[in-house]
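Visitor: So the mapping is simple: our numbering equals the position in the sequence shown, first residue as 1, plus 42. Ideal placement from N, C-alpha and C gives every residue a C-beta, glycine not left out. Note that the structure is predicted; figures quoted are calculated from it, not measured.
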Amino acid sequence: MSHPSAATPNVLVVRNDKIGDFMLAWPALACLKNASPAPRITVLVPTYTAPLANACPWVDEVLIDPGPSADKAAQQELLAQIKARGFDALLTLFSTPRIGWLGWRAGIPLRIAPATKWAQVFYNVRVRQRRSQSVKPEFQYNVDLACALLARLSLKLSALPSPPFWPMNDSHRQQQRQALLSTSQTAGECVVVVHPGSGGSAVNLSIEQYASLITQIHQQLNGMPISWMVSAGPNEKPYAQALIEQLDEVDITAGHFPDSISVADFALQLAGADLLIAGSTGPLHIAGCLNVATAGFYPAKRSATPLRWQTCNSAQKRLAFSPPDSAGQQDMSAIDINHAAQQISTLLRG
43 MSHPSAATPN
53 VLVVRNDKIG
63 DFMLAWPALA
73 CLKNASPAPR
83 ITVLVPTYTA
93 PLANACPWVD
103 EVLIDPGPSA
113 DKAAQQELLA
123 QIKARGFDAL
133 LTLFSTPRIG
143 WLGWRAGIPL
153 RIAPATKWAQ
163 VFYNVRVRQR
173 RSQSVKPEFQ
183 YNVDLACALL
193 ARLSLKLSAL
203 PSPPFWPMND
213 SHRQQQRQAL
223 LSTSQTAGEC
233 VVVVHPGSGG
243 SAVNLSIEQY
253 ASLITQIHQQ
263 LNGMPISWMV
273 SAGPNEKPYA
283 QALIEQLDEV
293 DITAGHFPDS
303 ISVADFALQL
313 AGADLLIAGS
323 TGPLHIAGCL
333 NVATAGFYPA
343 KRSATPLRWQ
353 TCNSAQKRLA
363 FSPPDSAGQQ
373 DMSAIDINHA
383 AQQISTLLRG
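1. Using only the alpha-carbon positions, how far apart do residue 43 and residue 76 sit?
2. Can residue 133 and residue 188 be called in contact, C-beta distance under 8 Å?
3. Mark residue 338 as exposed unless 16 or more other C-beta atoms lie within 10 angstroms of its C-beta, in which case mark it buried.
4. To the nearest whole angstrom, what separates the beta carbons of residue 197 and residue 79, a pair I think is in contact under 8 Å?
5. Please report the residue range of the alpha helix (DSSP H) in which residue 213 lies.
6. One question on the structure: do residue 361 and residue 385 come within less than 8 Å of each other, judged by their Cβ atoms?
7. Shortest alpha-carbon distance to residue 130 belongs to which of 83, 330, 74 and 52?
8. Check the C-beta distance from residue 121 over to residue 84 and give it rounded, since I have them as a contact under 8 Å.
9. Could you tell me how far apart the beta carbons of residue 252 and residue 267 are, in whole angstroms, since I believe they sit closer than 8 Å?
10. Could you say if the segment 62 to 70 and the segment 90 to 105 meet the contact criterion of at least three C-beta pairs nearer than 8 Å?
11. Skipping 5 residues on each side, what residues in its chain have a beta carbon closer than 7 Å to that of residue 119?
12. Which residue from 381, 314, 58 and 107 puts its Cα closest to that of residue 219?
13. Who does residue 270 pair with in a DSSP beta bridge?
14. Could you please give the first and the last residue of the uninterrupted beta strand (DSSP E) stretch that includes residue 246?
15. What did DSSP end up calling residue 75 once you bin it into helix, strand or coil?
16. Please report how far the alpha carbon of residue 146 lies from the alpha carbon of residue 328, in whole angstroms.
17. Could you please give the first and the last residue of the uninterrupted beta strand (DSSP E) stretch that includes residue 330?
18. Based on the DSSP output, what are the partners of residue 83 in its beta bridges?
19. Just reading off the beta strand (DSSP E) that residue 133 is part of, what are its end residues?
20. Residue ranges of each beta strand (DSSP E) run of no fewer than 3 residues wholly in the segment 101 to 144, ordered along the chain?
21. Determine the DSSP secondary structure at residue 318, reduced to helix, strand or coil.
22. Could you please give the first and the last residue of the uninterrupted alpha helix (DSSP H) stretch that includes residue 388?
23. Count the other CB atoms within 10 Å of the CB of residue 214; is the residue buried (16 or more) or exposed (fewer)?
24. Buried or exposed: residue 160, going by 16 or more other Cβ atoms within 10 Å of its Cβ?
25. Measure the beta-carbon distance from residue 356 to residue 205 and round it to whole angstroms, keeping in mind my assumption that it falls under 8 Å.
26. How would you write the range of the beta strand (DSSP E) that residue 167 sits in, first residue to last?
27. Just verifying my parser: in three-state terms, what is the DSSP assignment at residue 155?
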């Protein structure tokens, strides 16, 4: 383990919940790492997001959070690891009492978190955000916290970083694109990935809605060849297969997105796509970080709006759809599939 020099602030950043939440922390991590002088960044994440954290260009070290249900020995080991690193600052992007208490017990001198819940008592800098009002994208709330930390550390940031927050060179993207096309049964002008699963964290369109959406896009593109690929997370393969079979019934060929050994491997493959269509899930936010175009389907409830969970790709590459105000907040059947197909078709035509 290398220790930073005295002139290099040593920062621990915590975002230890779901994959999508962690991906929306990348703009904040980019802000920290682009400051002058650049701090040393360690992230505390759960095991399932660790591959992504290890792939993040803005992260120097990854610590694994055993989680709140881990035994006392695992909690003590985590505390010992944090103490040993001598962090100058703790930035908790989503505050919980356990992490706040951990930072306090580790003796981290500067501890920053949103001013929400009673967990804020463990922090000596609390940033009032009122996230529950959902007036900003989640990634912007995270960036605001990062900027508050930079100000406290007297670090300078000449300009806010812009997409892509997961930069990859063109040769890699082209290599991945060719790899995807080599597995496709259609030599398309565009590679479009559809992710019909929800990962259990968000509502999504039904398989029938996805089939209707793709059929309408296919018709509106009037013969423009598309390589359709259907991706699936763990335990979601039946959803993908059901969609492929429904499309086959209307003579639209779609294939399975190639299997990957980890979520980071999935992301590297996804870099070769032109568009990802999905619910507000981890894959959608991975695509956003890669600056791949996205078409996201969201519920209408305040805590899960398209604005709050906006992807962090460029504005011109971002589409979002949700039920109308007249429908139930999570009534995804009320989404206008025809309108969505028109918008997506326009985006694909470029």
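Guide: Working from what's here:
1. Along the sequence shown, read from residue 1 onward, the residue named residue 43 stands at position 1. Along the sequence shown, read from residue 1 onward, the residue named residue 76 stands at position 34. Model confidence at residue 43 stands at a pLDDT of 47, short of 50, so the residue's coordinates are unreliable and nothing is read from them.
2. Position 91 of the sequence shown holds residue 133. Position 146 of the sequence shown holds residue 188. In this structure, residue 188 lies closer than 8 Å to residue 133 by Cβ.
3. Taking the sequence shown and counting its residues from 1, the one referred to as residue 338 is at position 296. Counting Cβ neighbours within 10 Å, residue 338 comes out buried, since at least 16 surround it.
4. Taking the first residue of the sequence shown as 1, we reach residue 197 at position 155. Taking the first residue of the sequence shown as 1, we reach residue 79 at position 37. Contact holds; Cβ gap of about 7 Å.
5. For the purposes of this step, residue 213 is taken as the residue at position 171 of the sequence shown. Per DSSP, residue 213 belongs to the alpha helix (DSSP H) from 212 to 225.
6. Here residue 361 refers to the residue found at position 319 when the sequence shown is read from its first residue. Here residue 385 refers to the residue found at position 343 when the sequence shown is read from its first residue. Yes, Cβ-Cβ distance for residue 361 and residue 385 is below 8 Å.
7. Walking along the sequence shown from the start, residue 130 turns up at place 88. Selected option, being the one with the closest Cα: 52.
8. By one-based count along the sequence shown, residue 121 stands at place 79. By one-based count along the sequence shown, residue 84 stands at place 42. With a Cβ gap of about 14 Å, residue 121 and residue 84 do not count as contacting.
9. The sequence position of residue 252 within the sequence shown is 210, counting from 1. The sequence position of residue 267 within the sequence shown is 225, counting from 1. That belief does not hold up - the Cβ atoms of residue 252 and residue 267 are roughly 20 Å apart, past 8 Å.
10. Contact between the segment 62 to 70 and the segment 90 to 105 is present: 3 or more CB-CB pairs across the two stretches fall below 8 Å.
11. What you label residue 119 is simply residue 77 of the sequence shown in a count that begins at 1. Excluding sequence neighbours, residue 119 sits near nothing in its chain.
12. Taking the first residue of the sequence shown as position 1, residue 219 is located at position 177. When each option's Cα is compared against that of residue 219, the closest is 314.
13. Numbered from its first residue, the sequence shown carries residue 270 at position 228. Residue 270 is bridged to 234 and 296.
14. In the sequence shown, counting from the first residue as 1, residue 246 sits at position 204. Premise fails: residue 246 is in no beta strand (DSSP E) and is neither H nor E.
15. Residue numbering aside, residue 75 sits at position 33 when the sequence shown is read from its first letter. Correct three-state label for residue 75: helix.
16. As a first step, residue 146 must be located in the sequence shown, where it is residue number 104. As a first step, residue 328 must be located in the sequence shown, where it is residue number 286. Computed Cα separation, rounded: 32 Å.
17. The residue labelled residue 330 in the question sits at position 288 within the sequence shown. Note, residue 330: premise wrong, no beta strand (DSSP E); alpha helix (DSSP H) at 324 to 332.
18. Your numbering for residue 83 matches position 41 in the sequence shown. In DSSP, residue 83 forms a bridge with 53.
19. Here residue 133 refers to the residue found at position 91 when the sequence shown is read from its first residue. Unbroken beta strand (DSSP E) run through residue 133: 131 to 134.
20. 103 to 106 and 131 to 134
21. Mapped onto the sequence shown, residue 318 falls at position 276. Of the three classes helix, strand and coil, the one that applies to residue 318 here is strand, per DSSP.
22. Locating residue 388 in the sequence shown gives position 346, counting from the first residue. Where residue 388 is concerned, the enclosing alpha helix (DSSP H) stretches over 379 to 391.
23. Here residue 214 refers to the residue found at position 172 when the sequence shown is read from its first residue. Exposed.
24. Your numbering for residue 160 matches position 118 in the sequence shown. The residue in question, residue 160, is exposed, as its Cβ has fewer than 16 Cβ neighbours within 10 Å.
25. Here residue 356 refers to the residue found at position 314 of the sequence shown. Here residue 205 refers to the residue found at position 163 of the sequence shown. The Cβ separation is near 5 Å, so the contact holds.
26. Working through the sequence shown from its first residue, we reach residue 167 at position 125. Where residue 167 is concerned, the enclosing beta strand (DSSP E) stretches over 167 to 169.
27. If you number the sequence shown from 1, residue 155 lands on position 113. Reduced to three states, the DSSP call for residue 155 is strand.
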